[in-house]
Structure formats: structure tokens, C-alpha cells
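Protein chains: 4
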Amino acid sequence: MPKKLKLGMVGGGQDAFIGTVHRMAARLDGHWEFVAGALSSTPERALASGTELGLDNDRIYTDFDSMARSEAARDDRIDAVSIVTPNHAHFGPAKAFLERGIPVICDKPLTTTLEDANTLATLVEQTKTPIILTHNYTAYPMIRHAREMVEAGELGDLRIIHIEYIQDWLAEPLESFGQKQASWRTDPVKSGAGGAIGDIGTHAYNLARFVAQKKANRLSAHLHSFMPGRVLDDNAHIIIDFEEQLRGVLLASQVMPGYENEIRLRISGSQGSIEWHQSSANQLLFAKLGEAPRIVRRAGAGAGIMANAVSRIPGGHPEGYLEAFATIYTEVAGLIRGEDQPLLPDIRAGIEGLEFISNCVDSAHQDGAWVKF
Amino acid sequence: MPKKLKLGMVGGGQDAFIGTVHRMAARLDGHWEFVAGALSSTPERALASGTELGLDNDRIYTDFDSMARSEAARDDRIDAVSIVTPNHAHFGPAKAFLERGIPVICDKPLTTTLEDANTLATLVEQTKTPIILTHNYTAYPMIRHAREMVEAGELGDLRIIHIEYIQDWLAEPLESFGQKQASWRTDPVKSGAGGAIGDIGTHAYNLARFVAQKKANRLSAHLHSFMPGRVLDDNAHIIIDFEEQLRGVLLASQVMPGYENEIRLRISGSQGSIEWHQSSANQLLFAKLGEAPRIVRRAGAGAGIMANAVSRIPGGHPEGYLEAFATIYTEVAGLIRGEDQPLLPDIRAGIEGLEFISNCVDSAHQDGAWVKF
Amino acid sequence: MPKKLKLGMVGGGQDAFIGTVHRMAARLDGHWEFVAGALSSTPERALASGTELGLDNDRIYTDFDSMARSEAARDDRIDAVSIVTPNHAHFGPAKAFLERGIPVICDKPLTTTLEDANTLATLVEQTKTPIILTHNYTAYPMIRHAREMVEAGELGDLRIIHIEYIQDWLAEPLESFGQKQASWRTDPVKSGAGGAIGDIGTHAYNLARFVAQKKANRLSAHLHSFMPGRVLDDNAHIIIDFEEQLRGVLLASQVMPGYENEIRLRISGSQGSIEWHQSSANQLLFAKLGEAPRIVRRAGAGAGIMANAVSRIPGGHPEGYLEAFATIYTEVAGLIRGEDQPLLPDIRAGIEGLEFISNCVDSAHQDGAWVKF
Amino acid sequence: MPKKLKLGMVGGGQDAFIGTVHRMAARLDGHWEFVAGALSSTPERALASGTELGLDNDRIYTDFDSMARSEAARDDRIDAVSIVTPNHAHFGPAKAFLERGIPVICDKPLTTTLEDANTLATLVEQTKTPIILTHNYTAYPMIRHAREMVEAGELGDLRIIHIEYIQDWLAEPLESFGQKQASWRTDPVKSGAGGAIGDIGTHAYNLARFVAQKKANRLSAHLHSFMPGRVLDDNAHIIIDFEEQLRGVLLASQVMPGYENEIRLRISGSQGSIEWHQSSANQLLFAKLGEAPRIVRRAGAGAGIMANAVSRIPGGHPEGYLEAFATIYTEVAGLIRGEDQPLLPDIRAGIEGLEFISNCVDSAHQDGAWVKF
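Chains as they are written, first to last, in the numbering used here: chain A, 288 to 660; chain B, 288 to 660; chain C, 288 to 660; chain D, 288 to 660.
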């Protein structure tokens, strides 16, 4: 096992949810040590959080800019920085670190506007510094297997894709109660133009793209906001025409009571279908035309090279969300060490996410008219 | 148990699939005896089928018209006739029997054109004779319970409905191989303007209407035909705006390998969600906002009056498709005997099915433009 | 379709549960008409029930003995009689009808004592008249398929069988409240020596024998009665050594809250395993050693001759308990018409059921000591 | 977050499976750093493994004894040692570290004989140094919730417990092929007297004890070895009488094709039942007598304090085996830091595991006779 890489973090201080997830994910496989952070935009909270998390005092920063400058100047500078702030606070730090050649791991969506995303894309190209999106669902072993099956042609010509990401946490007007997550995620200034489509729809879209590997040509989006006073969408029904003959439906909702981060994907081709649910993440249903459907299980019979490469423990012992998230961190470590890591969601995934949001909003403004990619 | 009613049948002879289903359904609860039939449009087959099924010789007919005339003239005339022919052969016999005041049980879709359906509607009104569509899925006990929950307001204000009916039997070009069912169901002359939308989409639409009890205002339909040379749609992705704030998605497919008549319905309102799958027809998932989801089971705790009214045996012993179909026949018997049977799919359901098909085709011809109901 | 056979019934009048099930099952496939009955041991109830069910007055009997005598004397005598009384009232009518050469369909367990069962066995042999037990679970299509797989050697040498039948309806002391079913089923005079083992354990044992087709050599039974004052067992944990190397566990319970007639069977051999649950009766899980498990579905790919022979409708449309029960009636009709019907549970199944109960009780009296078959 | 604790390890070098699991588990929550090890009994492999895992040279040991001596002498000595060797190599290192006051984390079963286990128990008492067994399944959030429900009396008086741990990896004679895991696990010298009962049966027994919290009074065990030449059991059917009226069945198998570490638990009491499967670890079914069953989900509505205390991420995002294992490590860290950690499986769990194995073997030698605890 090679020497650990050094990780910095922007955001993710006390009370933040996703920062903790990132740190667990970074730890699991032992490739990272967390050494520096600008953990909050509130200086006192940034300091308290850094101390609580055991950072050395000289690497606890109160703003991302000084962090980027200081770290870039150190011999033992961080090998990458994770940006786990609300969406509107991705661009600034991403730019600051990329400009200094420090690789970035960033929550999705990449930015709040397509323009900002394009600016970062230019920067990535100029600095030859990668930015990786934590589209962590792409790292589930059975999602990798799904992709491998599609690549191997086991489904034949792809025809139909149905993907959905359903939650219920915004079925009540939490933002009115001052709940922190709800407040920024329903605020267009902090979230960008997309509500559900930005927060979870981009995950679904990315996952569809990852597995099917077909470009989207156009979409027709119907966005809803069921909560009085909520500006951003909390529900979306989207029709997508992908290249060739692939026809898709993407559903995203944050207001369906009883559904807890239910991500479900199914793809049918001329020769077979696959179906995957996050709630039973360790298995992939595979129905070959004219045969009894099979339950392909992580680390079990029929699981292929790509699934096994990101599988840690024997079958039957479930691996979950954190393991998939950890795989992203492990693959980023590999990338930084010089490996080829073609499956990581890179700047293109970031751009695509913003295009998706932008097109959805455009289409919805025109009552569902087709919008081209 | 009152005296059995007399049933006649048009279509459903040798090799026919759905006629056998109707006869089993009619027998199960003991309300019907099958006494007369014009079982095939081919006279020899009509005669052979009638004999094989044990009909008296004088009630084996070779065409529906003579059957309608003869039966209408008998003292022991049939109490109802079931029409189980291909779609294009519904209108003729339906008209002939309605005109003579003989109640009609008819497969869906009611006719191949909206015009014909309207003609029958007029006839129903004039003759005060009912026509009942075999939208049998509406008779599953847990579907009845779903409707009861909606009516009782247990879901709050309805917001989202997702319904799908997925099959795979046309994933191969069976019509090219001369398979009888595939041949007429993919032929616009015999099926009407709808392929998948007519054959299974109407069931899904009807089921959504039955449970949610909201009118559809408009739809945007995307119809596909994945099999080269197939004229009618074999896949459909449809967006539906129902009245009030209810927003829906209806998926129908006949080309997704591994899916066997998978009908799935879920509805979310402001206070809760329900989900039902035909493959586990004896249970309804109910998630009340903020509570652990419950598995409400047929004849079990929590099942209500409407479910129990159409439930035959104790919980845990599955009832299935034929039982639901039989409930339609039993309720038609009740109707004929003078009972109020408000849940039966009547002429309005037939008209609505044709409107649905017609609107889908119109929308699809305009690349998914909204079409109003 | 040949002429309908005539069915009589002993027991099954007003308020009886299982008589209704028998009549539905007899009707479904159209092979039987119900023409005669001694439907209750209470004369008024027998008469009222017969009238209500539409029997001709001269075939409504007030006791099984006069029914047996009268029917035997008629030209249009019944072709078979169904005995659907409580257990202690099986022997008398069974004997009366067998002695007159009228085939008997009988609920399980056959009698309340092994002696009585042996007496009937002698009678069956002497009169060449069959008695068929309604071990209806053996007629589920996927149970037939399971048996076919075992016969074909697809599991290799059988090693392990786990079978269970779990209910909850006696988790409360219903017999104290005067509930009719509970009263006789917990009464050793009416039920015989077995409580749960007689009522549901015999079904489980029969199902294991049917699918595995191995004789039981010995068993070790642990019977419990959790309800104060209840004399008969309401829970049973039983170890069974079958012939060759097959080792089994049979669980039966009537006091596990939330379980509704959950019958589950799994068998493992050297080459594979199968698993079946009544709650998903239309599928059989099949795991071949070293391969991804397959979901074999009724009327679907991989379903074999034996399953298809008793399957009525296309896959995905669930068939249930009544359909399996109806298959027993249809096969009895075949038997009476001269067909070979080797899968029907006959007098040997009846004897075996009593041996099972008797051995369980003996073993339990000796604190679980092994008792040989 | 307090300063990281220092972890040593005995066993777990190259090619070892469970050592890797321990290290991931130790890393996940950030409470441990891995600093020392005697990672193999083969010196070269111990050295290579230590180097590969990034240990400092002076803390790579070639035998546990010198490791115990050296570490005990250091100021920065390890805070705990994990023993991840085959069973026969637990006792030696456990003794060596306990004698020096270094807390031990040990795989189960604790030792190969009850005598050795008792020796360690004495040592634990004398040295006031804890030894914790990695009965990791007890740390699943929904297992914690199950225990909380039992404690809160939500099931009423416990009556029935069914637990099983089913695998298939020994359905082939892997030990004949030289497979390392199979070789030692089927060898009584290295594994002790138990095969399946030691390897997985002890987990099942511990889990039953953990949730139900009832002592076992006696058991009747039927052990089988289906593979020719295999000395130890590879399948077990065990009847257990727990204190009060709780009656149990424990099944363990390593030879049922298609089952992958399937651990399933269900408990029924007078007021309700719970059911849990490792394959859907994030949910617990709860059926209250007379109510529709509920699906209680990790981090969801109805999950209680004990579940939430060991839950990391929002509901719907599955946590798995490694997370549960990590909870054990985190709770050990807490214990060492002075917290009360009453749920950790301590020396008593170790003793009980050996008693369970010993009693099973005794009973099986007497053809399933009852053996008292």
C-alpha cells in the first residue's frame, strides 16, 4: 500500500452532513489522510471544526482562498481538496485550487451556472489538473457490472431506459422551519436553477449516462413545485431522447412520502434487460430475452471484472453507500498516483450535469417543449 | 345464492386465449352458466368450439348477428353476452346486442375508433342497457383498497401518480412468424390506432383513473415502435396532467425482456403514498408521511370494506388475476339483478379509453405536443 | 370438454369456511356441478344451506348416512363427494361413501386416529374406490415444477430440506371467545391428537414428501402450546431424517404475529437449491451451484411440462390458492373419467399424515426422542 | 474527535481475508491508526506484509510473543491488538497481550476449547483488561433496534426464535483443492470441535442471545457432514430451549447452493414479531399483533435511539457489513477511552460461544440428546 495522500476540505464543518460522508469515504480504504481545511464560512465555526477534527493549527483555515494560497506554498501541500459546500460555493474554491494545480473533488452539481462550469473546464484544460465529481452511485459494484454488460453487448441494442431518484424529505416545508439543508437546497441563489433536478436529478442523469453510455440528444421536462412558496422544483418528470434509438424517462422527486433515496434504474435492449435498486444495491437483475431472469450478486457467480475490481468483501455481506463513495476516493488516489481511471466522473460529467439542469429549466419554462443538448 | 344467469359469448373459440379466461371468471363465483355462443368468425370453428364447450346445438351460432336475433327472441334468452373478439370486431356485436336490450361485457378497448365508441354510448343511453368493460385490474382487492384510501383522504391531496404496464412478448417480431395474437394486435385494421397504448396502456390509464378518481386534462405522448416494420407502437412514455395538482407518468411497453405483465401503480399525496404491483397483488404498501411504511394485506389488518367485499379467502392464501376477473363477472351479475354496482367500468370507461388512445396518437404525431382531453 | 361430473358435499353449510373454497375450486375449470349435500350436522342448517346453495330439494340431506344411501340408489348419483367437516367427522362419511363405491374428496388430516385411517385404507382397496386428500399446495404450478426438477436430478443428491407453515390466527385465545374454527381446531376430540401439526403441519409434511419424494425414517418433535389452557400444540419444531442422506426441519406455528399462512420450502442438493414461498407462489428460485440464481416463473422461460400442465393463464398474471385447489378437483375429475393422475394425494398421503401426527405426539411426549416411521 | 488510538494486529497478512476487513473497519470512523503487527506466522510473509501495509520497521514483528513484549515496553504502546488468526492461534496471543494489560479484539470463536476460554476469562478478571469478540452482526443498526424493541416489551413475552446462517462455499470439497480458508476451517486441529457451528453457528447463537437476551437452558443438536471425508460439520439443525418460555431453532449450513451468508432472524412474542435478513440489513419487519406489518428502516421513522446511535448516513442509502464491523471498533475505542459500552461482545460472549459449540458436539454425539448449558 503506497503512502497516504493528503486531503484538504472546504466546507464540511460542524453540523454539515456531506463532509462527514466524504471523510469516512476517504478513510475507508486507507489511501488518504485528512490534514487541512477551511471547514466553514463562519470563522469561529471553521476553527472549532478544525480543532475538533484534529487538524494541525496551521492548517485550519477560515477561508478557502487563504487555504489555497497557503497549501500551494507548502512542501507537504495537500494532494487534493474536497469541496463540500452548498452549490453556489463550489465555483470559487474550485477555481482557486485548480489555478494552483491542486486536484479537486467536488460535490455535484459542479456549479450553479453552466458558464461557471465552462470556466472551470477551461481551467482544467489549462492547468492539466483534474476535478472529479462525487457521482458516487456510479461506483456501486453492480452499477459497474451493469455498465460492463452494456459494453459487452449483453443487452443487445439499447432501447429503453427508466431511471428514478425518489425521496420524501421535502414533502414538508422544512425550509420554512429553518432546517439548514432544506434552506439552501430550495434557494435558487445557493442551489442554482435546479431544485430536485439539481440535487438528485443530476445523479440520476449521470447514472443513466454512465451505464448506457449514450449521449442525450434532447429532453422534454415537466418540473413541479408542490409546496406553496417553494421556488425551485421538488418533482420532475423528464422524457429524454438519447442517441441511436434509446428512449428514456427520468423521474426525480423529493415529495413522495415513504421513499428514501430510492434510486432505481432499468434498461432494456433487444436482447435483455437489467434492473437495479439502491435499496438492494448488492444485486442486479438480468433478464435475457427468453430465459428465466437471474439475480447477479456482488462477488457472486456472474459478477464480472469491473464489479469485482471495486468489491471489498465476500458476497452476501452487503456493501453500501459509503463503500461506493470510498471507491471514488480510492480511484482519485489512483489517478493522482498516475493510474488511468477512466470511470471517474470528471469535468465532462460536471458540464453535462449543468447542461441537464439548464435544459430541464428551459424546457419546463416552455411547458415541456423539446430542448436540444 | 340466486339462480344462475345465462351467458353468451362472441369470439373465444378454439385457440383463443381470452375467451377461456372469461369463462373461468364467469364460473368461479357460480353466478353464470355459459349457454350460447358465436365463438368464431369461421363457421366450422364456431360449430366445433360450441360443441366442444358443451353448448346445446340450437345455441351454437356461426355469426353474432343471428345469435343476437335468435337469443333476443327466446324466452330463456341470455342475460348478457361477452364479446371477446379482436378490437375491430367489438363494435358490430356490441351494437347488435345492445339494440336488443341484451347487456354486454366487452374486452377493452371498446372499439377501434372514438366515433364507434360514441355510437355505442348513445345506444346505451337509448336502450338503458349496460356495457361493461373488463378492466379486470380494477377488481383486485388491494386496488379497491387503494381507491378507498384515496377517497378517505388518507393520502392527503394527490400530487403524483406513476403507473406502468410492462411486458416483453413483442420483443421479438412474432407477427412475422404468423403468431395469431401478435398478428392482430400489431395490425391497425384490427387493433385500431393504438398498439401498446391500446392493448395495455388503456388498462393502465383506466387503473390510474379508477384509483385516483381525477380527470385527465391533457397529455403528452411519446410512442415508439422498436421492431422494424411494426406499424403500431410497442412502447409508450406518456406525461399526463390530471385535474387539480395531480401530475402523472404512464409507461407501457411490450418490448422489455423479462417483464411479464408487470403492472405497477404508485400515488403520492401530501400525507402519504401507496404502491401496488400485480406481481404481489395481495398487498398494498402504504407510507404515511413520517411513519414507517406498512404492508396492508388482503384480508389482513388494515384492509377496508371495499377490499374485503371482493376478497374470497383468508389472508396469506394468494388470490390472483382470475379472481379479480371473476369479481367483474359477479358484479355484472349483481347489476343485472338490480344492484347498484358503481365500481364497474361502464360505457364512460370505454369512451375514456378511446379518448386516451386518440390523444396519445395525436400527441405522438406532433412529437409529444400537449393534447387536451 | 366432457360432460360435467356431479359433486356432493358433506359439511360446508352456512358459516363454514372451507366448503365455500371447495365449491369455488370445483367450479373454476368447469368439470363439476354441485348437486347434493348434507351440509350441516344441524338439520335446520343443513336444509337452509342446501336451499340457499340452490340444490334440488330431494338432494338436500340432513345427515351423511341417508345421503350416502339415497345417492347410491339414484341413476344420476353423484360422481364424488367432498367431505369438509371437522376432522372427527371425516371417518364416518368417508366410510359410508366408500362402501357404496362413491369416490371421496376429503380434507386433511384424513381422520383423527391412525386406526381409522387404516380402516379407510382397507376399504379403498376392497372397493377400488379412491379417496383423495385436498393437499392443495401440491398443485401449485411452481411446486409441480420443483418436483420435476428434483426428479430430473437438477439439484443433485438431496441433502437438506427446510419447510415451514406459519400463521398467527391462534396467537390469541380465540377458542375462549367461542370462535367456531378455533373451538374445534383446538379440541382434541374434534381435531385429533394434533393441533398445529394436524392442521398445518400435515400440509407441510405432505408438501415436503411431494417435492422431495423421499420417505421419512424418523423424527424428533418439539411441540409447544403457548396459550394457557390450550391442550393441543400451537407451535412445532420438528427434526426429520429422511431416507438416504436427506435431513430436514419442519416448523409449524399458529402463534407468530404477522405471518399469514406463510408456507415456505427450500431444498438443497449437491448441485443446487430451490426455494418457494406461497406469498410469491408464481415463482421458484433456483440456484445452481456456481451460477447466479434464477427466478423461474409460472408460464415463463424455464417452467417445465409439469408446471405448464396445471397453469391456466399467461405469466405475470398471478394464479393463486384457488387455482391450485381447482387443479385438485380437475385432476379428480380426470381420475374418475379414467385418466392416470399419479400426482393426486391419495389414501397413502392420508395414512402418512396420520403417521406424522402420531409420531410427533409420541416424540413430544418423550421430550423429543426419536420416533421411527 | 479525540486523538486516534493505536492498533496492533496478529495475523491478517498477505492473502488473509479477515485482516483486511478489520483494518477497513478500524479506519472507517477514524478512531484508530494501525501501527504494529505480527501479520503472519511465516516470518518472511510477516515482514513483507508489514512493509506493504506501511508499518514502521521496528513495529513489524515475526511472532506475537515478541510483539507483545516489545509493545508493552514502549511508551507509545498499542492501545489494543486485533487477533485475526485461525481459531487455534487465538489463545496464545490473547493470553500474551492480556497478561501485559493490552486490550484484545478477537475473532470468534474465542478459542478452540472451553478450557482455554475459561483461562482467558480468569486472565481478563485478573488483569482488568477487556477482550472483545468481533460478533459484528450485533452492531447492525436494525439489530440494535430489534434489541431495543425486545427490551421495551414491544413483542410481549418472547415465545419463538428462529435464526439461521446459511452459506454455500463448502458445497464443494474446497479443502481437497488446497484452498487456504477451507483447509483450516475444516480441520479440527485448527478450527476446534466445530465446523459450521463454530464458524457461523456461533455468530447465529450470539445474535439470538444479543437480541432476545434470554439464557439458553439446553439444546438438541443434529450435525451433518455432507462432504465425504470432511471431519467437521458443514450443516447443523439445532433445537434450543431458552429460559422462560422461549423456544428456538438455529440452522447453520455451509452447503446450501445459492445462499451467500444469509443470516435471518425472527422472533415472535405474545404481542408481535420482528424479522431481519442481512441481505436487507437496513430494514426490520415489525408485525404487531392485529396490525398491518411495518417496515422500520435505518434512520427512518420508527427507528429508535439504539439504532440511531450506530447509524452514519441518511435512510435509503444502505449501510452494510463493514459499517457494522466498524461500529465494533468504534465502541472498543470508546471502551478504552473510559466509556460504558455495554453492548460489546465481551469475554462472556466468548465463553458462551465455546459452550454452544461444546454442547452441540456433545448432543450430536448422542444422536441429538438434550444437553444442558
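C-beta: ideal position from N, C-alpha, C; glycine also. Quick caveat: nothing in here was measured; it's all calculated off a predicted structure.
Hey, how far is the Cα of I526 of chain C from the Cα of N569 of chain A? CA-CA distance, I526 of chain C to N569 of chain A, rounds to 34 Å.
G510 of chain C: first and last residue of the uninterrupted beta strand (DSSP E) it sits in: It is Leu, not Gly, that sits at residue 510 of chain C in the sequence shown. For L510 of chain C, the enclosing beta strand (DSSP E) starts and ends at A503 to H511.
Taking 8 Å as the cut-off, decide whether the C-beta atoms of I418 of chain C and V411 of chain C are in contact. Remark: C-beta atoms of I418 of chain C and V411 of chain C approach each other more closely than 8 Å.
Would you say P601 of chain A faces chain D, with C-beta separation under 8 Å as the test? At a cut-off of 8 Å between beta-carbon atoms, P601 of chain A makes contact with chain D.
Any chain D beta carbon closer than 8 Å to Q532 of chain C: So yes, Q532 of chain C belongs to the interface.
For N493 of chain A versus H422 of chain A, is the C-beta distance shorter than 8 Å? In contact: N493 of chain A and H422 of chain A (Cβ atoms closer than 8 Å).
I want to know whether the segment 641-648 of chain B touches the segment 427-443 of chain B - three or more CB-CB distances under 8 Å. Segments in contact, no.
I need the straight-line Cα distance from L294 of chain A to V536 of chain D, nearest angstrom please. Going from the Cα of L294 of chain A to the Cα of V536 of chain D covers about 50 Å.
Would you report the Cα separation of P373 of chain B and L461 of chain A, rounded to the nearest angstrom? Annotation: P373 of chain B to L461 of chain A spans about 53 Å, alpha carbon to alpha carbon.
Quick one: complete alpha helix (DSSP H) runs, 4+ long, within the segment 423-481 of chain C? 428-438, 467-472 and 475-478, all fully within the segment 423-481 of chain C.
Just to check my reading of the structure: M543 of chain B and D455 of chain B have Cβ atoms closer than 8 Å, yes? What is that Cβ distance to the nearest angstrom? Right, their Cβ atoms sit about 5 Å apart.
What is the DSSP secondary structure of D633 of chain A, reduced to helix, strand or coil? Annotated three-state conformation of D633 of chain A is coil, per DSSP.
So, for K382 of chain A: in the same chain, excluding its five sequence neighbours on each side, which residues have a beta-carbon less than 8 Å away from its beta-carbon? Correct list, in chain order: T406, L407 and L410.
Using a beta-carbon distance below 8 Å, is L326 of chain B in contact with chain C? Residue-level contact check: L326 of chain B does not touch chain C, since none of the beta carbons of chain C fall below 8 Å from its beta carbon.
Hey, is E578 of chain C's beta-carbon within less than 8 Å of any beta-carbon in chain G? Considering every chain present, this structure includes no chain G. Its protein chains are A, B, C and D.
As assigned by DSSP and simplified to three states, the class of L552 of chain A: The answer is strand: DSSP assigns L552 of chain A an E or B state.
Any Cβ of chain A within less than 8 Å of the Cβ of H604 of chain D? H604 of chain D counts as touching chain A.
Express the C-alpha separation of R505 of chain D and V661 of chain C in angstroms, rounding to a whole number. There is simply no residue 661 of chain C to check, as chain C begins at 288 and stops at 660 in what is shown.
I554 of chain D versus A499 of chain D - alpha carbon distance: Here the alpha carbon of I554 of chain D sits roughly 8 Å from the alpha carbon of A499 of chain D.
Under 8 Å, Cβ to Cβ, is there at least one residue of chain C near R581 of chain B? No, R581 of chain B lies away from the interface with chain C (no Cβ there is under 8 Å from its Cβ).
So, with DSSP's three-state summary, where would you put L315 of chain A? Here L315 of chain A sits in helix by DSSP.
Report the rounded CA-to-CA distance for T736 of chain C versus R584 of chain B, giving the unit in angstroms. What is shown of chain C runs 288 to 660, which leaves residue 736 of chain C out entirely.
Where does A596 of chain D land, buried or exposed, given buried means 16+ other C-beta within 10 angstroms? With fewer than 16 Cβ atoms within 10 Å of its Cβ, A596 of chain D is classed as exposed.
Burial state of I389 of chain C (16 or more Cβ within 10 Å): Buried, since its Cβ has 16 or more Cβ neighbours within 10 Å.
Can you pull the chain B residues whose beta carbon is under 7 Å from the beta carbon of A333 of chain C, in chain order? Going along chain B, no residue has its Cβ under 7 Å from A333 of chain C, so there is no contact; the nearest lies around 16 Å.
Assuming the contact rule is C-beta atoms closer than 8 Å, F367 of chain C and L292 of chain C should be a hit. Round their C-beta distance to whole Å, please. The sequence given here has Ala at residue 367 of chain C, not Phe. About 7 Å separates the two Cβ atoms, so the contact holds.
Host beta strand (DSSP E) of R584 of chain C (start-end): First-last of the beta strand (DSSP E) with R584 of chain C: R581 to R584.
Member of A:I634, A:C393, A:F660 and A:Y427 whose CA lies at the smallest distance from the CA of K501 of chain A: Each of A:I634, A:C393, A:F660 and A:Y427 was checked against the Cα of K501 of chain A, and the nearest Cα belongs to A:F660.
Residues bridged to F529 of chain B by DSSP? In the DSSP output, where bridge partners are listed per residue, F529 of chain B has B:A503.
Flag A588 of chain B as yes when its Cβ comes closer than 7 Å to any non-hydrogen atom of the ligand PLP, and as no otherwise. With respect to small molecules bound, the structure shown includes none, and the ligand PLP cannot be examined in it.
Contact between the segment 343-351 of chain C and the segment 315-325 of chain C is defined here as three or more beta-carbon pairs at a separation below 8 Å; is this criterion met? They touch, by the three-pair rule.
Cut-off 7 Å between Cβ atoms - residues of its own chain near A574 of chain A, not counting five sequence neighbours on either side: Correct list, in chain order: G559, S560 and P580.
With DSSP as the reference, label N522 of chain B as helix, strand or coil. Strand, per DSSP.
Leaving out five residues on either side along the sequence, give the residues of the same chain with a beta carbon under 8 Å from the beta carbon of G637 of chain A. Correct list, in chain order: C393, K395, P396, L397, T398, A404, L407, A408, I418 and L420.
Every unbroken alpha helix (DSSP H) within the segment 293-346 of chain A, with a cutoff of 4 residues, ordered by chain: You should have 305-315 and 330-339.
Beta-carbon neighbours of D654 of chain A, restricted to chain B and to distances below 8 Å: Under a criterion of Cβ atoms nearer than 8 Å, the residues of chain B adjacent to D654 of chain A are, in order, W657.
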